[in-house]
Structure formats: C-alpha cells, structure tokens
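Contents: one structure, followed by commentary.
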Amino acid sequence: MALANTIFLLFGTMYTTKESLEHLLLEEHHGGGGGDHHGNSGFPLGLLVMLLIAIGASFASGTKLKNHDNLVNLTKQSSQHQQHEYIQNTPVDALVKNIYSLSIVSAGSIVFVFQLFGLSSPSVDKFLAFGEASLMLYLGAPTATALAKVLLQTMPDSMTHAIDHHLRSIQQIPTVVSVDKVHFWQNAYGKCIGTLEVHTRPDADDDAVINASFDILEPLVKENEGELTISVIKM
Numbered sequence: 038m039a040l041a042n043t044i045f046l047l048f049g050t051m052y053t054t055k056e057s058l059e060h061l062l063l064e065e066h067h068g069g070g071g072g073d074h075h076g077n078s079g080f081p082l083g084l085l086v087m088l089l090i091a092i093g094a095s096f097a098s099g100t101k102l103k104n105h106d107n108l109v110n111l112t113k114q115s116s117q118h119q120q121h122e123y124i125q126n127t128p129v130d131a132l133v134k135n136i137y138s139l140s141i142v143s144a145g146s147i148v149f150v151f152q153l154f155g156l157s158s159p160s161v162d163k164f165l166a167f168g169e170a171s172l173m174l175y176l177g178a179p180t181a182t183a184l185a186k187v188l189l190q191t192m193p194d195s196m197t198h199a200i201d202h203h204l205r206s207i208q209q210i211p212t213v214v215s216v217d218k219v220h221f222w223q224n225a226y227g228k229c230i231g232t233l234e235v236h237t238r239p240d241a242d243d244d245a246v247i248n249a250s251f252d253i254l255e256p257l258v259k260e261n262e263g264e265l266t267i268s269v270i271k272m
C-alpha cells in the first residue's frame, strides 16, 4: 500500500507539473492576460485557518507521534553512520531530521504566508506549484525505490560486502562443504532478515555447525534485532 501511494504521488507530481507549465505557457501566449492580480483577497479566511491547523497537526504528528519515521529510517539504511546520527533531542530537531514532515510543514507555511500577506498571483501560484512538484519528486523517487527493494526483498547494497565476508568465514568451517540459498533483506522497520542453507559432510554435528554459523552471522542482524534462519543439509 505504501509503495502504491508513493507511485500515485509521482503521478501527481507529473500531473501538477504539466498543468502548471500549460497554464504558464498560456499566460505568456496571451501576453499576460491582463497581468497578475496581487493581493488575492478572494482566498477565504476559513481556508487559511484550516491550513494553519493542518500545519500544526503535521508538526505535532511528526515530532510527537513520530509520523513517517519508518520511511526516514528506510531511506537512510544505505549509510550506517547516518543511522547513528539520527538522534532527536528537541521537537525542532525531530522535525528537521524528518524530511517528510519537514516538507509538509514548510510547503504549508510558504503557502500560508503568501496568502496571508497577499503575495499570491497567477504566476507566483504556478511557480509554487513547480516547487511543490519538485519536492514531491525529490521525496517520491528515493522512497519508491526503497519500498520496492523491501517489497522485492532485495539485499541492501551496504550489506553485500559484509555478507560475502561472513559467508567465506562459514565455508572455512572444517565440516562445511558449501553455503547455498543465501537471502538477506531488510523490512520496512529496518530489521535484517536472513536465511541460508549450509551443506555439510555426513559426519558433521548439526548443532555445532548451526552455532558456529550463527556466531559468524550474528553481527549482521543483532544491531537491528533482526531474524536469522540457518538450515543444515548433509551431503
């Protein structure tokens, strides 16, 4: 569902960009059509109040309810040090480090200020729409990519080297013949899920192989409280 919503957001970005560009070109084609109308006082006061309430609700949900935190962590999984830097000390810090809530609050605040002080005009509205479309693309593209990797259970690029190194260590266990069907991926909560088959000689001790393999791979899943499943198959 989250991936579908993100893809819908990207389509909304393209539609907003198309409409804004179309109206802007039409205005230039007609020579401005009577010029911009500054101080657009026709914007109802009730909508301004509703917009202000929405901004406050977005701020509260982003700082107190940790809204979008899973998406923030998901899109930052490519860098381990970034995860350690993601520390929230104050509500403002929490908002600044949550790009999704920050974007909603910032975009709403800009529109509110422009309407409140009568700075809005047809041309300004078009450029604001371009800005919002660019922001949606900036947020939507990496989010859709990260969610698609979760949906497809794709191994994170940042873990590839570490996994290969640990698998070579497992293959050095005397009774291990080979390691097969290795699958590591991260879910939407940032937890690493791993499964693999260890092929051993007929005289191997299953418990000893499992314990040794688990000790080798445990650092990959222990930090984020992930899950690890190891199967032993005797050749």
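So the sequence shown is numbered by my numbering: it starts at 38 and just counts up by one.
Backbone N, C-alpha and C define an ideal beta-carbon position, used for all residues, glycine too.
**Study point:** Buried or exposed (CB count within 10 angstroms, at least 16 for buried), Leu102
**Key:** exposed
Exercise for review: Please confirm whether Leu254 and His220 have their CB atoms less than 9 Å apart.
Suggested key: no
**Study point:** Range of the contiguous beta strand (DSSP E) that encloses Ile230
**Key:** 229-237
Review point. Who does Glu169 pair with in a DSSP beta bridge?
Key: Note: Glu169 sits in no beta bridge, so no partner.
Practice item. State the Cα-Cα distance for the pair Gly85 and Gln152, rounded to the nearest angstrom. Key: Reading off the sequence, residue 85 comes out as Leu, not Gly. Going by the C-alpha atoms only, they are around 8 Å apart.
Review point. By a C-beta neighbour count over all protein chains shown, 10 Å radius and 16 as the cutoff for buried, is Phe96 buried or exposed?
Key: buried
Practice item. Measuring alpha carbon to alpha carbon, tell me which of Ser268, Gln208, Arg238, Thr212 ends up nearest Gly231. Key: Ser268
Review point. What did DSSP end up calling Ile44 once you bin it into helix, strand or coil?
Key: helix
**Study point:** Cβ contact (3+ pairs, closer than 8 Å) linking the segment 132-149 and the segment 159-173
**Key:** yes
Practice item. Taking Thr112 and Thr50 to be in contact with their CB atoms under 8 Å, please state how far apart those CB atoms are, rounded to whole angstroms. Key: Contact doesn't hold; Cβ gap of about 17 Å is too wide.
Review point. Can you check whether the CB of Thr237 is closer than 9 Å to the CB of Ile270?
Key: yes
Point to revise | Residue range of the beta strand (DSSP E) that includes Gln223 | key: 213-223
Review point. Apart from the five residues just before and just after Ala166, which ones in its own chain have a Cβ nearer than 6 Å to its Cβ?
Key: Thr53, Ser57
Practice item. Per DSSP, which residues does Ser268 bridge with? Please list them. Key: Glu234
Exercise for review: Give the straight-line distance between the Cα atoms of Ser157 and Lys55, rounded to the nearest whole angstrom.
Suggested key: 20 Å
Exercise for review: Would you mind working out which of Ala249, Gln223, Asp130, Asn135 sits nearest Asp106, comparing C-alpha positions?
Suggested key: Asn135
Check your understanding: Start and end of the alpha helix (DSSP H) containing Glu260?
Key -> Segment: none, Glu260 is in no alpha helix (DSSP H) and carries neither H nor E.
Review point. Of all the options Glu234, Ile44, Trp222, which has the alpha carbon lying nearest to the alpha carbon of Val213?
Key: Glu234
Point to revise | Cβ-Cβ distance between Gly177 and Ile44 below 9 Å | key: yes
Check your understanding: Where does Thr182 land, buried or exposed, given buried means 16+ other C-beta within 10 angstroms?
Key -> exposed
Point to revise | N- and C-terminal bounds of the alpha helix (DSSP H) containing Gly93 | key: 82-100
Check your understanding: Sorted by chain position, which residues of the same chain lie with C-beta nearer than 7 Å to His121's C-beta, five sequence neighbours on each side aside?
Key -> The pLDDT assigned to His121 is 46, lower than 50, so where the model puts this residue is not dependable; a value taken from the coordinates is nonetheless given after this. Result list for His121: empty, nothing under 7 Å.
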